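Report on the following structure.
Protein chains: 2
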Amino acid sequence: MDVVNLAAKLSTFADHWQPRTVAEFNGQDVMVAKTHGEFVWHKHADADDFFLVLKGNLVIEMRDRSVSLGPGELFVVPRGVEHRPVAREEVHLLLIEPTGTPNTGDAATAAVRRVI
Amino acid sequence: MDVVNLAAKLSTFADHWQPRTVAEFNGQDVMVAKTHGEFVWHKHADADDFFLVLKGNLVIEMRDRSVSLGPGELFVVPRGVEHRPVAREEVHLLLIEPTGTPNTGDAATAAVRRVI
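Order-wise, the sequence lines are chains A and B.
Start counting the first sequence at 1; every next residue gets the next number (the working numbering).
Start counting the second sequence at 1001; every next residue gets the next number (the working numbering).
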């Protein structure tokens, strides 16, 4: 593989909630995404969900609490925990999940996996 | 878990080549580390090795080529590939490896796992 420049990868697309896979390791997909607005409530039964904010501020709502992440801050939503990411402004993210994990928690509604 | 602020975690220690675990997900340890100088040549037989540079410039030498990573750039050294990280200046890193992976490729010489 080549070196991945996250800002360069993010500059290649503008749509929201459509993660792009930029690397793979140990069965995990490393993805970049742009988000704005509210995503759907969902959970991943078998996958912890890694978020690292690169730009902007992301709130991750859970049923019993919320966390707020700025640039350089990360959070792991444990498997099985319902959550809803909310971006009041455009947010750039690094996401890591096991390869094949549907981003909505449901293959029927998930974003298509795209490798860039 | 709580939100992890990478800069705050990095501010709590000064030693080099001694990764600290700041989060775990899907059997992987998320670590921060400071490096300066040349590490040892090593490989991980069963683990791909994820590097994301947060500050400074890191060269990862492999036997057949080298790559150079600046801030916001990531690289995965595939399992089984010999490599030597070299930092000509102090470099701050985010590292991800399966929990328990010895950082030198050898449990006898590896840094002790520390969770902060």
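Glycine is no exception: its CB is placed at the ideal position from the N, C-alpha and C atoms.
Keep in mind the model is a prediction, meaning the values are calculated, not measured.
Reference residue i; option with closest CA among the options
{"i": "R84(A)", "options": "R114(A), V67(A), Q18(A)", "result": "V67(A)"}
{"i": "L94(A)", "options": "M1(A), T21(A), D2(A)", "result": "T21(A)"}
{"i": "M1001(B)", "options": "K43(A), Q18(A), P78(A)", "result": "P78(A)"}
{"i": "A1007(B)", "options": "E38(A), A23(A), P71(A), A45(A)", "result": "P71(A)"}
{"i": "V1040(B)", "options": "I1116(B), G1080(B), A1110(B)", "result": "A1110(B)"}
{"i": "F1050(B)", "options": "I1116(B), P1098(B), V1115(B)", "result": "P1098(B)"}
{"i": "I96(A)", "options": "H44(A), W17(A), Q28(A)", "result": "Q28(A)"}
{"i": "V1081(B)", "options": "V1112(B), L1069(B), V1030(B), D1048(B)", "result": "D1048(B)"}
{"i": "H42(A)", "options": "E73(A), T101(A), V53(A)", "result": "T101(A)"}
{"i": "L52(A)", "options": "L69(A), D46(A), A45(A), K9(A)", "result": "L69(A)"}
{"i": "E1073(B)", "options": "W17(A), Q18(A), V30(A), P19(A)", "result": "V30(A)"}
{"i": "E1038(B)", "options": "W1017(B), R1113(B), R1114(B), I1116(B)", "result": "W1017(B)"}
Rounded Cβ spacing between residue i and residue j (contact assumed at less than 8 angstroms)
{"i": "F25(A)", "j": "V1004(B)", "result": "The pair is not a contact, with the Cβ atoms about 19 angstroms apart (cut-off 8 angstroms)."}
Unbroken beta strand (DSSP E) run spanning residue i, endpoints
{"i": "P1085(B)", "result": "1083-1098"}
{"i": "V1076(B)", "result": "1073-1077"}
{"i": "V67(A)", "result": "66-69"}
Touch check for the segment 1095-1112 of chain B and the segment 1056-1063 of chain B: three-plus C-beta pairs under 8 angstroms?
-> Touching, no.
Cβ contact check for the segment 1085-1093 of chain B and the segment 1048-1059 of chain B: 3 or more pairs under 8 angstroms | Touching, yes, given that three or more Cβ pairs across the two stretches are closer than 8 angstroms.
Meets three-Cβ-pair contact criterion under 8 angstroms: the segment 1006-1013 of chain B and the segment 1024-1036 of chain B | As far as the Cβ criterion goes, the segment 1006-1013 of chain B touches the segment 1024-1036 of chain B, which means the pair count is three or higher.
Would you list, in sequence order, the uninterrupted beta strand (DSSP E) runs of no fewer than 3 residues that lie entirely inside the segment 2-63 of chain A?
-> With a minimum length of 3 residues, the unbroken runs of beta strand (DSSP E) contained wholly in the segment 2-63 of chain A fall at 20-25, 28-38, 49-55, 58-62.
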